[in-house]
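Encoded as structure tokens, the structure appears first; notes follow it.
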Amino acid sequence: MHFLPNNAVHAYTQLYTLDSKWRCLGLAETEFKVFAQKLATYFQGNDSPEEFTRMLFTRIYFNPKGDSLLHDMEARTLRGYFYGEHDITILAKKINKDLDSQYFEEFIDTETDDTIKGLCAAFADECPGINNENFKNKIAERFKEIICNAATIKRKRKKRTELVPQSQEKTVVATIPTSIKEQYGALLVAEERSVCPNDGCSTPLFVNVGGQLGVNYEVTIIDPSVSETKMENLIALCPACHSKYITGRTDEQVQRLLHIKKNLVDDYEAKETVSMQKIEDGIRKVLEKIPKMQVPANIDLNYNPVTLRQKIAADNLMLYLKAKTNVNVYYSAVQDAFTELNEERILRYKPFCLQVRMTYMNLNDMGLSQDEIFEKMVDWLQDATHENRSSCEVIISYFIQKCEVFDAITE
């Protein structure tokens, strides 16, 4: 057994962001994921993946007892169903005897010819004989079938060989059922970018054993006094950290791990928020120009852009100096590049401004600090374009000055 090199570990952390990368881990596409994402094309609208998923189940579940099962489901669980991160077996077993296909037919009812044609084409393989007359019934019955299939799955318990160093094999003790690890493990590892999040540790949570990808983590209950199993109280640690934690945790250690968990959740949700904002294609052209821009000969490094002074907190000197330098050196050249590419119709400037503003507002609504917002927006731009990070910082600084990022601070 050997640990993966840093570049391979980074590659594996990306396995959880897109469907194809989940399949690389051997996680098959669930029937529900395929079904839901086909419908999302036509009916999701502005709903988030989790709310759209909740809506699908609400429209098929008759709910004779008037319970709050679907209403109380965590957003992450619903999101996991939508992206195929885990199957719907547990939920299916609770609702499969109370399904109402007619109610679901009303949900997908449409008179738009293009939509009907698209649905028939999308579901041709799953619903043989589907046409513009019976598409509602065919799709509704297929949904019932998917739920019933999931409810009747009998999982075979396999002996799990944990991939840990021999020196640790006797000390690692499982503290939660295997089913909990199966249900939450992949989500937790994705949240942690595939490395152990414990202080002073960065052990990869995946290892390469004979060319096979194997797990190198334990799902750990952070606060054992909390009886209910929830994502907020679970964390994936490497075997060594897990063993050390569960055999002698103190109140101080519990609070520290809860703090680490909160930071992981905040970071994960921020990345998910900005990932929903698609980048205008032409922005890459601007980023490519920045390293080649001529530095003005008459830069006044003592110039303080008024907008920056009004929008960056007075005690945040490092961010202010970074943005100030970028604006002083690059603002005019970046403005010219935007104007040129907009006139050539390579970049749609106004839509991109709206994308920047929307991304800022989403992050601001999460209660992040100005430093955190700046870094997340740079991450967003860099992840989408794969261009130099410094160039991305220049663009975000430009939009601080242009008033799309940060609001004026009121006294």
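One gets the numbering used here by counting positions in the sequence shown from 1 and adding 11 to each. For each residue, glycine too, the CB sits at the ideal point set by N, CA and C.
- Ile232 and Tyr256 have their C-alpha atoms spaced approximately 10 Å apart.
- Residue pairing by DSSP leaves Ala103 without any beta bridge partner.
- Beta-bridge analysis with DSSP links Tyr72 to Leu110.
- Listed in chain order, the beta strand (DSSP E) elements of length 3 or more contained wholly in the stretch 211-248 are 217-220, 223-226, 229-232, 245-248.
- Your pair Gln381 and Ala325 does not check out as a contact, with CB atoms roughly 11 Å apart and the cut at 8 Å.
- Its Cα nearest to that of Glu42, the residue Tyr92 stands out among Tyr92, Gln264, Asp418.
- Taking the Cα positions, Ala135 is about 15 Å away from Glu156.
- The C-beta distance from Glu203 to Ala247 rounds to 6 Å, short enough to fall under 8 Å.
- Met84 has its alpha-carbon roughly 24 Å from the corresponding atom of Tyr53.
- Counting only the Cα atoms, Cys403 lies some 6 Å from Gln393.
- For His82, the number of other beta carbons within 10 angstroms of its own is below 16, and it is reported as exposed.
- The beta carbons of Tyr342 and Gln266 sit about 45 Å from each other, so the pair does not count as a contact at 8 Å.
- Between Arg65 and Leu50, the C-beta spacing is not below 9 Å.
- Val206 has Pro215 as its beta-bridge partners, per DSSP.
- Between Lys104 and Ala161, the CB-CB gap stays under 9 Å.
- For Leu365, the uninterrupted alpha helix (DSSP H) segment begins and ends at 360-376.
- The Cβ neighbour count for His397, taken over all protein chains shown within 10 Å, is under 16; the residue is labelled exposed.
- Spatial neighbours of Cys212 in its own chain (CB-CB distance under 6 Å, excluding positions within 5 residues in sequence) are listed in chain order as Cys252.
- Val297 sits close to Leu358, with the two beta carbons spaced by under 9 Å.
- Val416 carries a coil assignment under DSSP once its states are collapsed to helix, strand and coil.
- Residue nearest to Ala348 within the set Tyr409, Glu386, Trp391, Ser254 is Tyr409 (criterion: CA-CA distance).
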